[in-house]
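So, in structure tokens, the structure goes:
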């Protein structure tokens, strides 16, 4: 039986050895992000995993990027740093392309979007990763 920890470990090992690690100003973390981080961070977490001979689950890879401050109508406002979000997306998506392992698992990116974290003036890229583990 596989656990959510297994899929987080798989994604972490891939990202920690990819160009993503050097590209972000912060770090790559499992499950939670450091409190009050103002850096570009990658956080990997998992939704529940089902049981059985074939296990399916979804993991999230979230890439946080601080917003940029610009003046609109004479007022300073925070906007997503789309240039940075796009650049990091261009690195992370190829690193997480569909994979098959001899250890009887595979995964693929099912969707991508961006969310706003208004309280901390940041946006994050969210990649949903679908996993399938084949137990014998």
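In this note's numbering, the protein residues as written are 201 to 336. Where a beta carbon is used, it is the ideal one built from N, C-alpha and C, also for glycine.
| So, using beta-carbon positions, are residue 261 and residue 244 closer together than 7 angstroms? | Numbered from 1 along the chain shown, position 61 holds the residue referred to as residue 261. Numbered from 1 along the chain shown, position 44 holds the residue referred to as residue 244. Going by C-beta atoms, residue 261 is nearer than 7 angstroms to residue 244.
| task | Determine contact between the region 310-330 and the region 264-275, defined as no fewer than three beta-carbon pairs at a distance below 8 angstroms. | result | yes
| said: Per DSSP, what are the beta-bridge partners of residue 230 in this structure? | reply: As a position in the chain shown, residue 230 is number 30, starting the count at 1. Answer is 244.
| query | Going along the chain, which residues of its own chain have a beta-carbon closer than 6 angstroms to the beta-carbon of residue 325, five neighbours each way excluded? | reply | For this step, residue 325 is matched to residue 125 along the chain shown. For residue 325, where only same-chain residues beyond five positions count, the Cβ hits under 6 angstroms are 263, 285, 289, 314.
| Reduced DSSP category for residue 325 - H, G, I as helix; E, B as strand; rest coil | Position 125 of the chain shown, counted from the start, is the residue given in the question as residue 325. Reduced to three states, the DSSP call for residue 325 is strand.
| request: Mind checking who residue 330 pairs with in its DSSP beta bridge? | output: Translated into the one-based positions of the chain shown, residue 330 becomes position 130. Paired residue(s): 258, 308.
| Close Cβ partners of residue 255 (< 6 angstroms) along its chain, the five nearest in sequence each way excluded | As a first step, residue 255 must be located in the chain shown, where it is residue number 55. These residues qualify, in order along the chain: 202, 249, 333.
| Excluding the five sequence neighbours on either side, which residues of its own chain have a C-beta within less than 7 angstroms of the C-beta of residue 226, listed in chain order? | Here residue 226 refers to the residue found at position 26 when the chain shown is read from its first residue. Correct list, in chain order: 237, 239, 240, 241.
| Does the distance from the CB of residue 308 to the CB of residue 317 come in under 7 angstroms? | Walking along the chain shown from the start, residue 308 turns up at place 108. Walking along the chain shown from the start, residue 317 turns up at place 117. Result no, Cβ atoms of residue 308 and residue 317 do not sit closer than 7 angstroms.
| field | Distance cut-off 6 angstroms: residue 297 Cβ against heavy atoms of the ligand GTP | value | Of the ligands one can find in the structure shown there are none, so the ligand GTP has no counterpart to examine.
| query | Thinking just about the alpha-carbon of each residue, which of 302, 305, 218, 293 is nearest to the one in residue 312? | reply | In the chain shown, counting from the first residue as 1, residue 312 sits at position 112. Residue 293 is the option with its Cα nearest to residue 312.
| Under three-state DSSP, which class holds residue 202? | Here residue 202 is taken as the residue at index 2 of the chain shown, counted from 1. Note: residue 202 maps to coil in three-state DSSP.
| query | Can you tell which of 228, 253, 302, 273 has the C-alpha that lies nearest to the C-alpha of residue 209? | reply | Within the chain shown, the letter at position 9 stands for residue 209. Out of 228, 253, 302, 273, 228 has the C-alpha closest to the C-alpha of residue 209.
| Identity of the residue in 231, 234, 295, 300 nearest residue 219 by Cα | As a first step, residue 219 is located in the chain shown; it is residue number 19 there, counting from the start. Selected option, being the one with the closest Cα: 295.
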